[in-house]
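Quick note on the numbering used here: the first sequence kicks off at 8 and runs consecutively.
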Amino acid sequence: MPTAKKPAAKETPAKKAPQPVAQVRGMRDTLPEDQPLWDAMRAKAKELSSAYGFERIDTPVLEETSLFVRGVGKQTDVVEKELYNFETSGGETVSLRPEGTAPIVRAYIQHGMFNQPQPVKLWYVAPMFRHDRPQHGRYRQFQQFGCEVLGDGGAVIDAQLIVIGYLFLKELGIDATVQINSIGTAESRANYRNALVSYFRTKRNRLSEEDKKRLLKNPLRILDSKDPAIQDLKAEAPQIVDWLDEESKTHFMHVLEYLDELGVPYQLNPYLVRGLDYYTKTVFEFYANSQDQELAQSSVGGGGRFDGLTELLGGRPTAAAGFAMGMDRVFNLMKATRTAPEPKQSDIFVAHLGEQGRKRALAVFEELRKAGISSGEAFGKESIKGQMELANRRKAKFAVIIGQKEVLDGTAIIRDMDAGTQEIVDVRKIVHELQKKLSK
RNA sequence: GUGGCUAUGGUGUAAUGGUAACACAGCAGGUUGUGGUCCUGUUAUCGUGGGUUCGAUCCCCACUAGCCACCCCA
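Written as structure tokens, this is what we have:
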């Protein structure tokens, strides 16, 4: 037994360190060094959504499981295999929300927002949860920035939502492409689906196991198949455009016209279908044009129209559309392309010596803060050397040093860290002196 | 969820069947009130558990985690 021999070889009796508590799989911490990028994303989200007349909404992390089963769709992967759902001790069946749209529609219905001037435009930045297998850019808890417009069926809305998403990425320095498609109304889609199934049924022997499963479960997804053996089949398959009802068709045309007008580059992708059941008519996704192959692969955001969702969840029929951006993916892109900004530094460092000095320095620090001068300190430290080291590392321009002697004299030392010179000033004039020096 | 690759200090890496080297970061010092250079010391039971072996960080298995592809999606 190696474990029995090791302690003997080691003279010192090993104290068994407890195993560190591990992080839950698929979760991630946002460390201080990454906060500036997150701040930038949140600020951009807020700026754009309020510029386009959206108001912020926050909904709970926990919802009745049935909200997602009914809203997102029982058959979807998101609900069927990725939902964090559990029973509470009170016997409720609840889920950590896997997406933001259904909860917002729930809130819209619950709070009678259909009585407000329509449309109601709402935005959020909030964590979502999906029990998927984690990978780079795919986490079990992830942040989404989303915008939803309820109570307006116009094509302008679709276009405007796409613009917001596009600008969000662009203004954060990410070059993105919009892929767009229309999947029509529930009826026209059902018809198309039938046509597609009967088409692929005749070629069933050429389909992979994966695609056979899709044929039964989610035939539209076959169009998304990467199987090279059936690319020719895909090309000859019925196209969804040919099955769109007139209204969906003209709606889609309008959306494209508006996008042209707004100068948003887009690619028509007849194979684009989305995995959530509630989508109707316009669907779109944002892809980053990254040189980095891996980062370019997955979409960073997506959305579309969901005219039937409100009714599905027990509200009155309400046309609606929205999109969601995957903040974590945007973050990864930004981090890969940008050099992290230097952490914010304060210009002043307040150093103390001895107990008397510490007391006075504490007071000076407060005085500076009230005067709007943010300064660094290390009141927990004893040695002046360590404090000066810190002041230097934080690139402080000036150090204020207060020791026993200064307390007795009613003075303070101001040291110019770059020049290495220092002068003694009246402690009562310290704020004034520093302001004078900093403004130079 | 399926398949594959990987796993050494805080970070990035190295070497090896006989218990680990380097860089950076960290901490403590280099004569009790002062920084940036320099010097010294210090920081790893080599992801977890088991097996093979006289002996494993190094070989084998399982687990876990990360990554990659698929699935899916943001």
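For every residue, glycine included, the Cβ atom is placed at its ideal position computed from N, Cα and C.
Below 8 angstroms, too few C-beta pairs join the segment 220 to 229 and the segment 125 to 132 to call them touching: fewer than three.
Apart from sequence neighbours up to five positions away, the residues of its chain that approach residue 261 with a beta-carbon distance below 6 angstroms are 162, ordered along the chain. Partner residues in the beta bridge of residue 150, as assigned by DSSP, are 134.
Sequence-distant Cβ neighbours of residue 204 in its own chain, meaning closer than 6 angstroms and more than five residues away, are 226.
The continuous alpha helix (DSSP H) containing residue 342 extends over residues 334 to 344.
With 16 or more neighbouring CB atoms inside 10 Å of its own CB, residue 293 falls in the buried class. Excluding residues up to 5 positions away in sequence, 287 and 315 lie with their Cβ nearer than 8 angstroms to the Cβ of residue 193 in the same chain.
Nearest neighbour of residue 410 by Cα position, chosen from 425, 392, 312 and 403, turns out to be 392. In the DSSP annotation of this structure, residue 382 is not part of any alpha helix (DSSP H); the continuous beta strand (DSSP E) holding it starts and ends at 382 to 384.
By the Cβ neighbour-count rule, residue 201 is exposed, with fewer than 16 other Cβ atoms within 10 Å of its own. Looking only at 252, 385, 413 and 321, the smallest Cα-Cα distance to residue 400 is reached by 385.
Between residue 69 and residue 103 the beta-carbon gap is near 6 angstroms, inside 8 angstroms, which marks them as a contact. Looking at 310, 284 and 331, the one whose alpha-carbon comes closest to that of residue 320 is 284. Where residue 184 is concerned, the enclosing beta strand (DSSP E) starts and stops at 183 to 189. Residue 296 and residue 186 do not touch by the CB rule: their CB atoms are close to 12 angstroms apart, not below 8 angstroms.
For secondary structure counted as the beta strand (DSSP E) over 3 or more consecutive residues, the segment 32 to 58 holds no complete run.
A distance below 6 angstroms between beta-carbons, with the five flanking residues on each side excluded, links residue 181 to the following residues of its chain, in chain order: 295 and 340. Taking 4 residues as the minimum length, the alpha helix (DSSP H) runs contained wholly in the segment 407 to 442 are 411 to 416, in order along the chain.
The three-state reading of DSSP puts residue 63 in strand, counting E and B together.
In the DSSP assignment, residue 192 falls outside any beta strand (DSSP E), carrying neither H nor E.
Exclusion of the five residues before and after residue 35 leaves 146 as the residues of its chain whose Cβ lies within less than 6 angstroms of its Cβ. With at least 16 other beta carbons inside 10 angstroms of its own, residue 195 counts as buried. Judged by DSSP secondary structure, residue 257 falls within the alpha helix (DSSP H) whose first and last residues are 253 to 269. Beta-carbon to beta-carbon, residue 317 and residue 116 are separated by about 7 angstroms, close enough to satisfy the 8 angstroms threshold. Taken atom to atom, the span from the alpha-carbon of residue 413 to that of residue 40 is near 37 angstroms. Counted as a single uninterrupted DSSP element, the stretch harbouring residue 175 is not any beta strand (DSSP E) but the alpha helix (DSSP H) occupying residues 162 to 178. Here the alpha carbons of residue 236 and residue 322 stand approximately 45 angstroms from one another. Selection 197, 191, 190 and 239 evaluated against residue 213 yields 239 as nearest (Cα-Cα). In this structure, the beta-carbon distance from residue 108 to residue 155 falls below 8 angstroms.
For residue 30, there is no enclosing alpha helix (DSSP H), as DSSP marks it with neither H nor E. For residue 285, no alpha helix (DSSP H) encloses it, and the DSSP letter there is neither H nor E. For residue 102, the beta-bridge partners assigned by DSSP are 70 and 92.
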